[in-house]
Amino acid sequence: MKKIISVFALFTIVFALVSCTKEKPSEYTPNKAQLITVENAENIYNQLPEEIKKEIDFDYENINIDKVVLKEEMGNILDKTYINKEVLRLNFIIRNKNIQPNNRIAFATIEDFKYIGDGYVD
Numbered sequence: 002m003k004k005i006i007s008v009f010a011l012f013t014i015v016f017a018l019v020s021c022t023k024e025k026p027s028e029y030t031p032n033k034a035q036l037i038t039v040e041n042a043e044n045i046y047n048q049l050p051e052e053i054k055k056e057i058d059f060d061y062e063n064i065n066i067d068k069v070v071l072k073e074e075m076g077n078i079l080d081k082t083y084i085n086k087e088v089l090r091l092n093f094i095i096r097n098k099n100i101q102p103n104n105r106i107a108f109a110t111i112e113d114f115k116y117i118g119d120g121y122v123d
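In this note's numbering, the protein residues as written are 2 to 123.
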C-alpha cells in the first residue's frame, strides 16, 4: 500500500512540476524602451511633415511603438526601399480627442530612426 501511495505522490509531484513550467512564447515582443528611446522618438517626431506635427500630442508615454514588416498598402511610403523590410511603427495620439480616428501613424527605420512615411488609419 505504501508503494502505491508513494508512486501516486511521485506522479502527482512530477505532473505538477511539468504543468507549471512557463514556456517562453515563440514570438518575443520587446517593450517600447527596448525598441526606441525618448530622444529617438522625438527625433522621428521632428522629421514629420508640419501638418502632421501640428495634430500630434507628443507624449512618449502615449506612443505605441512596435516592429512591423512594411507593406506598400500600409500608407504613404516615401522610401520604397524599405518595402517588405522590418521597420518601426509609431502610433501617435492626436490633440483633438473629438476627431475619429484619433491617431496618426509614422514609419521609421530601425537602424537610424529615419522617417520613411506615414500610415493609413481606420
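Using N, Cα and C, we set each Cβ at its ideal position, and we do this for glycine too.
Here the alpha carbons of E73 and K81 stand approximately 8 Å from one another.
Contact check for N103 against I95 passes: the beta carbons are separated by less than 8 Å. Between L36 and L89 the beta-carbon gap is near 6 Å, inside 8 Å, which marks them as a contact.
Our two residues, N63 and I5, have alpha carbons roughly 59 Å apart in a direct line. The criterion of a C-beta distance shorter than 8 Å is satisfied by L91 and A42.
Boundaries of the beta strand (DSSP E) harbouring V88: 87-94, taken from the DSSP string. Annotation for F59: Y46 place their beta carbon closer than 6 Å to its own, counting only its chain and skipping 5 residues before and after. Beta-bridge partners of F108 (DSSP): R90, G118.
Separation of Y83 and L71 (C-alpha to C-alpha, rounded to the nearest whole angstrom) is 7 Å. Only buried fits Y116, as 16 or more other CB atoms lie within 10 angstroms of its CB.
In summary, I14 is exposed, with fewer than 16 beta-carbon neighbours lying within 10 Å of its beta-carbon over all protein chains present. DSSP places I45 in the helix class (H, G or I) of the three-state scheme.
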